[in-house]
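Notes follow once the structure below has been shown.
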Amino acid sequence: MGYPRPTPFHWLSVYYGTYFFAFGVYLPFWSVWLAWLGLSADEIGIVIGAGVMTRFVVNLTLTPRFHLPEHLLPAVRWLSFIATVIGFLHLMATPDLLWLTVLSVAINSVIGPAVPVSDALANHYNRRKLVDYGRARLWGSLAFVMGSMMAGTLVDSVGPQTIVPLAASALLLTWGWSLLSPRELPVKEETQAIARPPLRLVLRSRPVLMFLVIVSLIQGSHAAYYAFSAIHWTQAGVADVVVGYLWSFGVVVEVMMFALAGRLFGHWQVQSLFRLAALAVVLRWCLTGWSTELGVLFFAQSLHGITFGVAHIAAMRYIQQQNSDKIIALQALYSAIPMGAVMALLTVVSGELYERFGGHSFYAMALLGLPVLLLTLRTEPATEAVNH
10 MGYPRPTPFH WLSVYYGTYF FAFGVYLPFW SVWLAWLGLS ADEIGIVIGA GVMTRFVVNL
70 TLTPRFHLPE HLLPAVRWLS FIATVIGFLH LMATPDLLWL TVLSVAINSV IGPAVPVSDA
130 LANHYNRRKL VDYGRARLWG SLAFVMGSMM AGTLVDSVGP QTIVPLAASA LLLTWGWSLL
190 SPRELPVKEE TQAIARPPLR LVLRSRPVLM FLVIVSLIQG SHAAYYAFSA IHWTQAGVAD
250 VVVGYLWSFG VVVEVMMFAL AGRLFGHWQV QSLFRLAALA VVLRWCLTGW STELGVLFFA
310 QSLHGITFGV AHIAAMRYIQ QQNSDKIIAL QALYSAIPMG AVMALLTVVS GELYERFGGH
370 SFYAMALLGL PVLLLTLRTE PATEAVNH
């Protein structure tokens, strides 16, 4: 051992930092790169939607296989390695819809499980009192901000051709860091594992279905933002570097919301949190569709802490209120359906809408918040409903 082995906290902090730096380049600017290659808005929606759908399938099928602690570190290494290879393959991309869709499916099949697997590793160390998850994960959010700002600066000064090398280089650093072993390796716990019920059984619960509908409407409303906000803003004359600042500002507010959530919303009911997020959805996307003035856009971006952050807090609180044997299944469904399948479908729909209506397509996203104001969510444990 010729190198000082990092503590689990330092290992996870750097891993999150390098990975989310790459994701901070990918998420805001991939559509800009696809447009630079010559794809139309509806084709961009197909490519990005195929990738999101892939994450849905993989998170329901592959990710649950990494359930033992000793599987987690090798899984992270292999996922990082394959993501790096596919990332650099994008350098050979041509404006061919089929080829780009294949690349999107391939890269998302490995970056899809990366976060839940690394989160499982963090939770393992957290149970052993070796890691404070929030402090470690914070570096990922900060790196996301840095990645989007650097990408915006490079696109503005050099061009969209810098997006792939920057993201792929960050993935290379992620893989290289993952090859180091933390001082304390993940080991199997002595306690008996909790049996996980089949997902189809959990889906028979009406409260669970209502939960998934509510979260799908709120989080799905971000589809046009993730896929087309950068294109819309740059076409309106906003500099690429400012687009990076806008995305970064939204994430900064999100981080602040997570940090203050206990103080601000500690006594709020889950239903109230979802309705607050839904109101913010209506306001945010109406403002985004109405104006591209920077003052309006920065105010709209400040609502990301509510439309995403508060909705995520509410979802986690709902899941935590359930009986322990349902938590893993609910977490898988939350990652796969609202954040996967629904997001993929709405991304494709957003492409069609943006092709026809441009920035006015954000008004359709605003409409998704309205049903949540009328829906009622039962927050008692789901076990009863599932068993009946």
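Convert by adding 9 to the 1-based position in the sequence shown; the result is the number in the numbering used here.
Note that CB positions come from ideal geometry on N, CA and C, so glycine has one too.
Owing to the predicted nature of the structure, the values given are computational and were not obtained by experimental measurement.
The beta carbons of Arg14 and Pro191 sit closer together than 8 angstroms. Arg136 is classed as exposed because its beta carbon has fewer than 16 other beta carbons within 10 Å across all chains shown. Cβ contact annotation for Ala289 (same chain, cutoff 7 angstroms, sequence separation greater than five): Leu312, Ile315, Thr316, in chain order. The Cβ atoms of Trp294 and Ser230 sit closer than 8 angstroms to each other.
Taking all protein chains in view, the Cβ of Val305 is surrounded by fewer than 16 other Cβ atoms within 10 Å, so the residue is classified as exposed. By the Cβ-count criterion, Phe366 is exposed, with fewer than 16 other Cβ atoms from all chains shown falling within 10 Å of its own Cβ. Taken through DSSP and simplified to helix, strand or coil, Thr297 comes out as helix. In this structure, Thr162 and Val250 form a Cβ contact; the two beta carbons are roughly 5 angstroms apart against a cut-off of 8 angstroms. For Val217, the enclosing alpha helix (DSSP H) covers residues 215-229. Residue burial annotation: Leu303 is exposed, with fewer than 16 other C-beta atoms found within 10 angstroms of its C-beta. A check of alpha carbon separations from Leu130 across Arg146, Ile116, Thr93, Ala115 identifies Arg146 as the nearest. Met352 is the residue among His369, Tyr134, Met352, Leu69 whose C-alpha sits nearest the C-alpha of Val56. When the alpha-carbon of Arg272 is set against those of Val319, Ala50, Asp105, the nearest one is in Val319. Spanning the alpha carbons of Leu36 and Met62 requires a straight line of approximately 15 angstroms.
Around the beta carbon of Glu52, 16 or more other beta carbons sit within 10 angstroms, so the residue counts as buried.
Secondary structure within the region 166-200: the alpha helix (DSSP H) runs of 4 or more consecutive residues, fully enclosed, are 172-187 (chain order). In this chain, the alpha helix (DSSP H) harbouring Val67 covers 50-70.
The Cβ atoms of Ala236 and Ser359 sit closer than 8 angstroms to each other. Distances from the CA of Tyr28 to each of Thr183, Leu106, Leu255 were compared; the closest alpha carbon is that of Thr183. Counting C-beta pairs closer than 8 angstroms gives fewer than three between the region 118-130 and the region 207-225, which falls short of the contact rule. Taking the CA atoms as reference points, Glu193 sits about 23 angstroms from Pro122.
Shown here for Ala176: same chain residues with a beta carbon closer than 7 angstroms to its own, the five before and five after excluded, namely Ala31, Val34, Tyr35, Gly96 in chain order. Annotation: Leu106 to Val94 spans about 20 angstroms, alpha carbon to alpha carbon. Leu181 places its beta carbon 8 angstroms or farther from that of Val126. Going by beta carbons, Ser40 and Ser157 fall outside the 8 angstroms limit.
CA-CA distance, Val111 to Leu139, rounds to 40 angstroms.
Of the residues assessed, Thr243 falls on the buried side of the cut-off, its CB having 16 or more other CB atoms within 10 angstroms. Measuring C-alpha to C-alpha distances from Thr385 to each of Ser118, Val357, Gln280 identifies Gln280 as the nearest. Exposure of Arg209 is indicated by the presence of fewer than 16 other C-beta atoms within 10 angstroms of its C-beta. Residue Leu342 holds the alpha-carbon nearest to the alpha-carbon of Arg213 among Leu376, Leu382, Leu77, Leu342. The C-alpha of Ser22 is placed about 37 angstroms away from the C-alpha of Pro104. As the crow flies, the alpha-carbon of Trp277 is around 19 angstroms from that of Pro216. Within the same chain, Ala50, Asp51 come within 6 angstroms of Glu364 by CB-CB distance, once the 5 residues on both sides are set aside.
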